[in-house]
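Engineer: Quick note, the sequences are listed as chains D and R, same order. The opening residue of the first sequence carries number 485 in this note's numbering; numbering runs sequentially from there. The opening residue of the second sequence carries number 91 in this note's numbering; numbering runs sequentially from there. C-beta atoms are modelled at their ideal positions from N, C-alpha and C, and glycine is treated no differently. Just so it is clear, the structure is predicted and the values come from calculations on it, not from any experiment.
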Amino acid sequence: MIRTFDDLDRLAAEKGPKRFIVLAPEDEEFMLAVKQSWQRGFIEPVLIGSRDKIERLAGEAQFDITPFEKIFESDRQGIANRGISMLFSGDVDMAGKGQIPTAFIYRSIIREESKARKGTMVSVISLWDIGGLGHLTSLTDTGVNINPDYESKIEIIRNAVFLFHLLGYPKPRISVLSGQREIGGTLESYRDFERLRDVARKGELGSCEVIDATSIADIFLAGRKSFASYAEIPIGKAAFPEILLMPNLSTGNILVKLDFVIPHVRRRSLVMTTRGPVIIPSRSDFHDAIVGEIALGVVTADRVRKA
Amino acid sequence: MLRNFKDIREAAGRTGKKRLVFAPSGPAVGPAALHEAVRAGLIVPVFVGDVAATEKTLRERGFSPRDFEIIGEPDPVRSAALAIDLVRGNRADIVMQGSLGHQPFLDLVLDRERGLLRNRVASFVSLFDPPALDRLTMVTDTYLHNSPSIADKITITENAVQLARLLGIASPKIAALSAIEQVNPAIPSTMDAAILAKMAERKQFGDVTIEGPLDIDCAVNERAATRKGVHSTVTGQADIYLVPNVEAGYLTAQISVFIAGTPMAGVLMGTTHPVVINYPITSGENKLAEIALAVLLSGTSK
Chain D
485 MIRTFDDLDR
495 LAAEKGPKRF
505 IVLAPEDEEF
515 MLAVKQSWQR
525 GFIEPVLIGS
535 RDKIERLAGE
545 AQFDITPFEK
555 IFESDRQGIA
565 NRGISMLFSG
575 DVDMAGKGQI
585 PTAFIYRSII
595 REESKARKGT
605 MVSVISLWDI
615 GGLGHLTSLT
625 DTGVNINPDY
635 ESKIEIIRNA
645 VFLFHLLGYP
655 KPRISVLSGQ
665 REIGGTLESY
675 RDFERLRDVA
685 RKGELGSCEV
695 IDATSIADIF
705 LAGRKSFASY
715 AEIPIGKAAF
725 PEILLMPNLS
735 TGNILVKLDF
745 VIPHVRRRSL
755 VMTTRGPVII
765 PSRSDFHDAI
775 VGEIALGVVT
785 ADRVRKA
Chain R
91 MLRNFKDIRE
101 AAGRTGKKRL
111 VFAPSGPAVG
121 PAALHEAVRA
131 GLIVPVFVGD
141 VAATEKTLRE
151 RGFSPRDFEI
161 IGEPDPVRSA
171 ALAIDLVRGN
181 RADIVMQGSL
191 GHQPFLDLVL
201 DRERGLLRNR
211 VASFVSLFDP
221 PALDRLTMVT
231 DTYLHNSPSI
241 ADKITITENA
251 VQLARLLGIA
261 SPKIAALSAI
271 EQVNPAIPST
281 MDAAILAKMA
291 ERKQFGDVTI
301 EGPLDIDCAV
311 NERAATRKGV
321 HSTVTGQADI
331 YLVPNVEAGY
341 LTAQISVFIA
351 GTPMAGVLMG
361 TTHPVVINYP
371 ITSGENKLAE
381 IALAVLLSGT
391 SK
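Shown next as C-alpha cells:
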C-alpha cells in the first residue's frame with residue numbers, strides 16, 4: 485500500500501523511466517519539472533507543442549532535448565488529440581497537461597474512451613498527503629463536472645476507487661461530502677449520499693465502502709456533540725476515508741487548494757483513463773509540485789499496465 | 091487593530107460588563123467559557139429556563155445559584171423567546187443559545203416580527219486566528235445560507251465588512267471566491283463575484299476592495315496569482331473570503347479547524363443584538379473568543 489508521496493517518489497525512480505507525452509510544455513516551471521523528472525529517472529519525455537516555444541524554454545532551463553522524440557504542432561486541440569491517442573494506442577505510458585486548456589484534453593480523452601467503448605466519465609482526482617494521517621486520501625471531482633448529479637457521482641467514485649485499488653487499497657472508504665446542517669432543510673448532496681451509501685452496500689460500486697460521515701466534522705467528531713480542544717481529536721485517531729467526494733466543483737476547487745495554507749498537506753492531481761494516467765497540474769503549481777505529479781503518473785502508469 | 095483572539099478578549103475586558111441571557115437553561119448552564127467570561131468580568135449572566143434544574147446544575151458546577159439571576163420558564167421555545175424579548179427591551183445585551191435545537195432557535199432569532207434581524211439577511215462569519223499570520227481572517231457565509239442569491243451575497247458582504255470594521259480593519263480586502271478566476275456563465279458564482287467586485291469599485295460598500303472571481307490559490311498566494319496573470323492588491327492579503335455556497339463555506343471552515351488546526355470563532359452578523367449560537371465546529375477553547383466578540387459587538391448595531 486502506498487501511504488505517502490515519499491513512497492510514490494521512491495517507486496517512481498524504481499519503476500521509471502516511463503514514456504511520458506508532454507502536451508505543450510511551453511512554460512518555464514513546466515519545462516523545469518520535465519527536466520528534473522528525466523534527471524531522476526522517472527520519465528523519457530516525448531514533447532509535443534510549438535517548436536519555437538519548446539526550444540526556447542528548453543534552452544532557458546538548460547535542458548538538452550536533442551535525444552528526445554519531438555512532435556511540432558501548434559493547434560491546441562491537435563496537440564491534445566495526438567497526445568491522448570498515443571496514450572490509448574500504448575505508444576506512451578502517460579500524458580501530462582502543459583500550457584493547453586484542460587477542456588481540450590478532456591475532449592480528447594472522451595473521444596478515445598468512446599472509441600474503446602468504455603464510455604467512462606472524465607474526473608480529476610486530487611490526492612492529499614496529510615502529515616500524521618498514515619495513508620493517502622483524495623478529493624474528487626476537483627476539475628471537470630460543475631454540478632455532478634447522482635449518476636455522475638457514481639462514475640466519479642468508480643474512477644477514484646479504480647485509482648485506490650491500483651495504489652494498493654483493497655477497500656477504499658468514501659465520504660460523500662455535503663454541507664448538510666441541522667438547519668436549512670435537506671441538501672441534494674445529502675440525498676445523493678443516502679442513495680450512494682445504499683448502492684455501495686449492495687456491492688454495486690465494487691470493493692469500497694461509503695461511510696456514514698458526510699462532513700469533515702463528522703469524520704473527526706464521530707458522534708460527539710462538542711470538543712474542548714483540538715488536542716482531543718488528532719488526525720491519526722480519526723477514521724479518515726481515502727476518498728472525499730465533492731458536492732460540486734466550486735467546493736472541490738476551493739477545498740483542494742487549501743494545501744496552500746496548510747503546511748502539512750501536499751497535493752497531486754491526475755485524471756485516470758482506462759489506458760493510463762493524465763497528470764493535470766494546476767496552472768499555479770510550481771516545478772517541484774509538478775515533479776511530484778509526474779511521480780504519481782509514473783507509479784499509476786506502471787500499475788495500470790500490470791492490472 | 092485587533093490582530094488575534096487575545097486582543098479580542100482584552101478589548102472586551104475594557105468595554106464594561108454586558109448582560110448575557112442564556113436560554114434555555116436547566117441541565118445545561120453554558121460551556122466552561124461562559125463561566126470563564128463571568129470570572130473575567132466580561133459578562134453578567136442571566137439564565138432563563140427550568141429554575142430548579144438550573145440551580146442544581148450550577149451547584150454541581152461549583153457555583154452558588156444565589157449569585158445569578160434565574161428567570162423561570164420551563165418550556166424551551168418560550169424561554170428562548172423570552173430571552174430575545176429581554177434584549178429587544180434592552181434589559182439584556184446578548185443572547186446565547188442553550189439547549190434548544192439550531193433550527194427552532196434560529197427561527198426565533200431571525201423572525202422578522204419578534205426576532206432580532208436587523209439587515210436584509212443575517213449571515214455567519216468564521217473568524218480565524220492563523221498562527222502564521224499577524225492578523226485575523228474571515229470566511230463567510232459558513233453556516234446559514236444554502237445557496238445565497240446575489241442579493242443575499244451583497245448583505246453577507248456588508249455584514250462581514252461590519253465585523254472587519256469592529257476589528258479595526260479600516261479598508262478591508264475581500265476575495266470573492268469561485269471555482270475559477272475567469273467569468274464563466276456556466277458557473278454562476280463567477281458572475282456573482284464579478285458583480286460584487288464591480289460594486290466595490292463603484293464604492294457601493296464604502297472603503298472596501300473586492301477582487302473576484304478568484305480561485306483560492308490566487309486568493310491566498312500572490313505568486314500563484316501572478317502565474318495565472320491575476321494582479322490585485324487582494325491576492326495574498328485578503329481579510330475576508332466570500333464563498334459561493336454553504337458547502338464550500340462550511341467545509342472550508344471544517345478543514346481549517348480539524349485538519350489545519352487553526353483557532354476559529356463563529357459570529358452571527360446582521361442582528362440588532364449579538365447572538366452566540368452553538369456553532370457545531372467551535373472548540374471549547376475558542377468559545378471565549380465568541381463571547382468576547384459578542385461583548386464587543388454589543389451596542390454597535392442598534
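Considering just the uninterrupted stretch of the alpha helix (DSSP H) at A715/D, what are its terminal residues?
Structural biologist: It is not in any alpha helix (DSSP H) - A715/D carries neither H nor E in the DSSP assignment.
Engineer: May I ask which residues mark the beginning and end of the beta strand (DSSP E) holding T466/D?
Structural biologist: Only positions 485 to 791 of chain D appear in the structure, and residue 466/D is not among them; the question remains open.
Engineer: Rounded to whole angstroms, what is the Cα-Cα separation between L729/D and R750/D?
Structural biologist: Looking at the two C-alpha atoms, the distance is approximately 18 Å.
Engineer: Considering T586/D, what are the terminal residues of the alpha helix (DSSP H) in which it resides?
Structural biologist: Note, T586/D: alpha helix (DSSP H), T586 to K599.
Engineer: May I ask which residues mark the beginning and end of the alpha helix (DSSP H) holding I246/R?
Structural biologist: Counting along the chain, the alpha helix (DSSP H) containing I246/R begins and ends at I240 to L256.
Engineer: Given that S268/R touches chain D, what residues does it touch there, using C-beta distances under 7 Å?
Structural biologist: Result: S734.
Engineer: What are the boundary residues of the beta strand (DSSP E) that includes E301/R?
Structural biologist: From DSSP, the beta strand (DSSP E) with E301/R extends over T299 to L304.
Engineer: Count the other CB atoms within 10 Å of the CB of P426/R; is the residue buried (16 or more) or exposed (fewer)?
Structural biologist: Lying outside 91 to 392, the shown extent of chain R, residue 426/R is not represented and no answer is given.
Engineer: State buried or exposed for K108/R, treating a residue as buried only when at least 16 other CB atoms are found within 10 Å of its CB.
Structural biologist: Answer is buried; the Cβ neighbour count reaches 16.
Engineer: Which residues in chain R sit within 7 Å of P731/D, going by Cβ to Cβ distance?
Structural biologist: Correct list: E337.
Engineer: Closer than 7 Å by beta-carbon distance: list the chain R residues that pair up with L661/D, in chain order.
Structural biologist: Within 7 Å Cβ-Cβ: L341.
Engineer: Just confirm the distance between the C-beta atoms of A182/R and L200/R, as a whole number of angstroms; I'd bet it's less than 8 Å.
Structural biologist: Not really, about 18 Å apart at Cβ, beyond 8 Å.
Engineer: In whole angstroms, what separates the C-alpha of A160/R from that of A384/R?
Structural biologist: The question names Ala, yet the displayed sequence has Ile at residue 160/R. For I160/R and A384/R, the distance between alpha carbons rounds to 21 Å.
Engineer: Give me the Cα-Cα distance between G574/D and Q523/D, rounded to the nearest whole angstrom.
Structural biologist: Their Cα atoms are separated by approximately 24 Å.
Engineer: Go to N359/R, then tell me how far its beta strand (DSSP E) extends in each direction, as first and last residue.
Structural biologist: Residue identity differs from the one stated: residue 359/R is Met in this sequence, not Asn. Counting along the chain, the beta strand (DSSP E) containing M359/R begins and ends at M354 to M359.
Engineer: Counting only the same chain and skipping the five closest in sequence on each side, list residues whose C-beta sits under 6 Å from that of V740/D.
Structural biologist: Correct list, in chain order: S610, L623 and T626.
Engineer: Please report how far the alpha carbon of M228/R lies from the alpha carbon of E380/R, in whole angstroms.
Structural biologist: When rounded, the distance between both Cα atoms is 13 Å.
Engineer: Please identify the residue among N236/R, G188/R, L190/R and R255/R whose C-alpha is closest to the C-alpha of E337/R.
Structural biologist: Comparing Cα positions, the closest option is N236/R.
Engineer: By the 8 Å beta-carbon criterion, what residues does the region 267-301 of chain R contribute toward chain D?
Structural biologist: The residues in question are L267, S268, A269, I270, A276, I277 and S279.
Engineer: Verify the CB distance criterion: does Y634/D have a CB-CB separation below 8 Å to chain R?
Structural biologist: For Y634/D, the answer is no, since every Cβ of chain R falls outside 8 Å of its Cβ.
Engineer: Cα-Cα, which of N249/R, P155/R and V185/R is closest to R210/R?
Structural biologist: The residue with the shortest Cα to Cα distance from R210/R is N249/R.
Engineer: Mark H363/R as exposed unless 16 or more other C-beta atoms lie within 10 angstroms of its C-beta, in which case mark it buried.
Structural biologist: Under this definition H363/R is a buried residue.
Engineer: Along the beta strand (DSSP E) that carries G580/D, what are the first and last residues, could you check?
Structural biologist: Taken as a continuous stretch (DSSP letters only), the beta strand (DSSP E) holding G580/D covers M578 to K581.
Engineer: For I774/D, which residues of its own chain have a beta-carbon under 7 Å away from its beta-carbon, when the five flanking residues on both sides are left out?
Structural biologist: Counting only Cβ-Cβ distances below 7 Å, and skipping sequence neighbours, we find E513, F514, A517 and P765.
Engineer: Listed in chain order, which residues of the region 176-206 of chain R have Cβ atoms closer than 8 Å to some Cβ of chain D?
Structural biologist: Answer in chain order: G191, H192, Q193 and L196.
Engineer: Would you tell me roughly how many angstroms separate the C-alpha atoms of K519/D and I746/D, rounded to the nearest one?
Structural biologist: Cα to Cα, the separation comes out at about 28 Å.
Engineer: Alpha carbon to alpha carbon, what distance is there between F348/R and T372/R?
Structural biologist: The straight-line gap from Cα to Cα measures roughly 10 Å.
Engineer: Please confirm if G351/R has its CB atom under 8 Å from at least one CB of chain D.
Structural biologist: Yes, its Cβ sits closer than 8 Å to a Cβ of chain D.
Engineer: Roughly how many angstroms separate the alpha carbons of K392/R and F295/R, rounded to a whole number?
Structural biologist: Residue placement at K392/R is poorly supported in this model, since its pLDDT is 49, which falls under 50; the coordinates are not used for a value here.
Engineer: Are there 16 or more other CB atoms within 10 angstroms of the CB of F556/D, so buried, or fewer, so exposed?
Structural biologist: So F556/D ends up on the exposed side.
Engineer: Taking the CB atoms as reference points, tell me whether L387/R and T105/R lie closer together than 8 Å.
Structural biologist: Contact: no.
Engineer: Residues of the region 321-334 of chain R in Cβ contact with chain A at a cutoff of 8 Å, in chain order, please.
Structural biologist: Protein chains D and R are contained in the structure displayed, whereas chain A is not.
Engineer: Between the Cα of H748/D and the Cα atoms of V576/D, T586/D, I614/D and K599/D, which residue gives the shortest distance?
Structural biologist: Among V576/D, T586/D, I614/D and K599/D, the Cα nearest to that of H748/D is on I614/D.
Engineer: Please classify Y331/R: does DSSP put it in a helix, a strand, or coil?
Structural biologist: DSSP places Y331/R in strand when its eight states are reduced to three.
Engineer: Could one say the Cβ of V310/R lies closer than 8 Å to chain D's Cβ atoms, at least one of them?
Structural biologist: True, the Cβ-Cβ gap to chain D drops below 8 Å.
Engineer: When the Cα atoms are used, what is the spatial distance from T232/R to A715/D?
Structural biologist: So the two alpha carbons sit approximately 23 Å from each other.
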